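Asker: The structure that follows is given in the form of structure tokens.
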Amino acid sequence: MNRYTNKTVLITGGTSGMGYATARRLLDEGAYVAVTGRSRPRLDTAVARLVAETGVTPERILAVPADVAALPALDDLVERVRAWRGSLDAVFANAGVGVFKPSTEITEADFDYTVDVNFKGVYFTVLKSLPLLKDGGAVVINASWTLHRGLSVASVYSATKAAVHNLARTLGADLAPRGIRVNSVSPGYIDTEMYRDNNPDPAAEAVNSAEVPLGSLGHADDVAAAVAFLASDDASYITGQDLVIDGGLVGSVPQPA
Ligand SMILES: NC(=O)c1ccc[n+]([C@@H]2O[C@H](COP(=O)([O-])OP(=O)(O)OC[C@H]3O[C@@H](n4cnc5c(N)ncnc54)[C@H](OP(=O)(O)O)[C@@H]3O)[C@@H](O)[C@H]2O)c1
5 MNRYTNKTVL
15 ITGGTSGMGY
25 ATARRLLDEG
35 AYVAVTGRSR
45 PRLDTAVARL
55 VAETGVTPER
65 ILAVPADVAA
75 LPALDDLVER
85 VRAWRGSLDA
95 VFANAGVGVF
105 KPSTEITEAD
115 FDYTVDVNFK
125 GVYFTVLKSL
135 PLLKDGGAVV
145 INASWTLHRG
155 LSVASVYSAT
165 KAAVHNLART
175 LGADLAPRGI
185 RVNSVSPGYI
195 DTEMYRDNNP
205 DPAAEAVNSA
215 EVPLGSLGHA
225 DDVAAAVAFL
235 ASDDASYITG
245 QDLVIDGGLV
255 GSVPQPA
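Each residue of the sequence shown is one higher than the one before, counting from 5 in the working numbering.
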């Protein structure tokens with residue numbers, strides 16, 4: 005498929021996990037892709053891998069260090085994308101962090117960090133991209149299955165994800181006059197650095213897989229395929245929705261084996 009030939013897409017948090025997988029998928033489908041992250045070395049490594057894995061020329065990729073929680077960094081990011089390509093066809097507001105502990109142990113610093121990256125960061129990534137986003141363009145926000153079900157160690161994290169899904173509904177209506185669609189995705193347990201960092205116990209994968217009707221963790225590529233669909237013209241009549249990519253985790257309870 006070449007749904008993205010000559011199109012330009014901004015992906016925040018493109019150095020690993022779902023952001024990286026989506027960058028690779030969209031490059032394979034013909035896009036020019038701007039990726040961000042907090043560290044230049046991790047961005048350089050990601051760009052080298054993307055070039056090696058897709059065979060595209062480095063000119064198809066713009067890598068910008070930018071903390072999404074810092075508004076001046078987002079201003080700089082948008083200016084660099086403008087200078088590079090002039091406009092955007094789609095934005096994947098993907099960068100996110102998780103602080104997973106019981107709600108009684110959450111500190112003000114945990115709260116501020118999580119909200120700053122996952123809610124404020126997503127909000128202003130989208131808002132500041134709007135002047136560059138073409139009419140008829142698309143926004144996809146990375147939310148989480150935890151907006152649909154309670155998870156005892158994820159009080160603040162889940163609330164930020166509920167907030168950004170709600171944002172997709174509101175912005176979907178606000179931006180409809182420009183033909184811009186806004187949707188979210190809710191990944192389940194996806195095998196990424198975030199998952200591994202927060203589940204260091206080797207038994208975690210088996211425990212979590214047993215909760216999933218399809219019987220395994222998901223892969224970043226599973227989410228990339230869904231984002232590539234939602235941000236493309238194939239989803240031209242879909243806005244304000246959340247697409248759950250979770251192997252059935254939210255929808256049903258598997259019988260014990
Ligand atoms: N893995 C799961 O099971 C799961 C499930 C549901 C939802 N999600 C969501 O999926 C999204 C992607 O996570 P992932 O699982 O793919 O994890 P990941 O591999 O750790 O990727 C996270 C990405 O976000 C970037 N990032 C983090 N904080 C940032 C900031 N302040 N500014 C800019 N970039 C930042 C990281 O870049 P650097 O570290 O290089 O800065 C990295 O590229 C997150 O929003 C997460 O909440 C994950």
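Even for Gly, the Cβ is constructed at its ideal location relative to N, Cα and C.
Predicted model, so just to flag it, every value in this text is computed and none were measured.
Let me confirm a value: D246 is counted as buried when at least 16 other C-beta atoms fall within 10 Å, else exposed. Which label applies?
Answerer: buried
Asker: Would you call the CB atoms of A147 and S107 closer than 8 Å?
Answerer: no
Asker: Enumerate, from N- to C-terminal direction, the unbroken beta strand (DSSP E) stretches of 3 or more residues contained entirely within the stretch 39-91.
Answerer: 65-69
Asker: Are V227 and A25 touching if we call contact CB-CB under 8 Å?
Answerer: yes
Asker: Is the Cβ-Cβ distance between L92 and G192 less than 8 Å?
Answerer: no
Asker: Taking 7 Å as the line, does the beta carbon of A113 fall inside it for any heavy atom of ligand 1?
Answerer: No, the Cβ of A113 stays beyond 7 Å of every heavy atom of ligand 1.
Asker: Under the rule that 16 or more other beta-carbon atoms within 10 Å means buried, what is S162, buried or exposed?
Answerer: Answer is buried; the Cβ neighbour count reaches 16.
Asker: Is the stretch 151-167 touching the stretch 207-222, taking contact as three or more C-beta pairs under 8 Å?
Answerer: no
Asker: Could you name the residues that DSSP lists as bridge partners for N202?
Answerer: In DSSP, N202 forms no bridge with anything.
Asker: Any idea if D71 is buried or exposed, counting beta-carbon neighbours within 10 angstroms, 16 or more meaning buried?
Answerer: Buried, since its Cβ has 16 or more Cβ neighbours within 10 Å.
Asker: Please determine whether the Cβ atom of N98 lies at a distance below 7 Å from any heavy atom of ligand 1.
Answerer: Answer for N98: yes, Cβ within range of ligand 1.
Asker: For the putative contact between T19 and G41, defined by C-beta atoms under 8 Å, what is the C-beta separation to the nearest angstrom?
Answerer: 4 Å
Asker: Where does P191 sit, in a helix, a strand or coil, going by DSSP?
Answerer: strand
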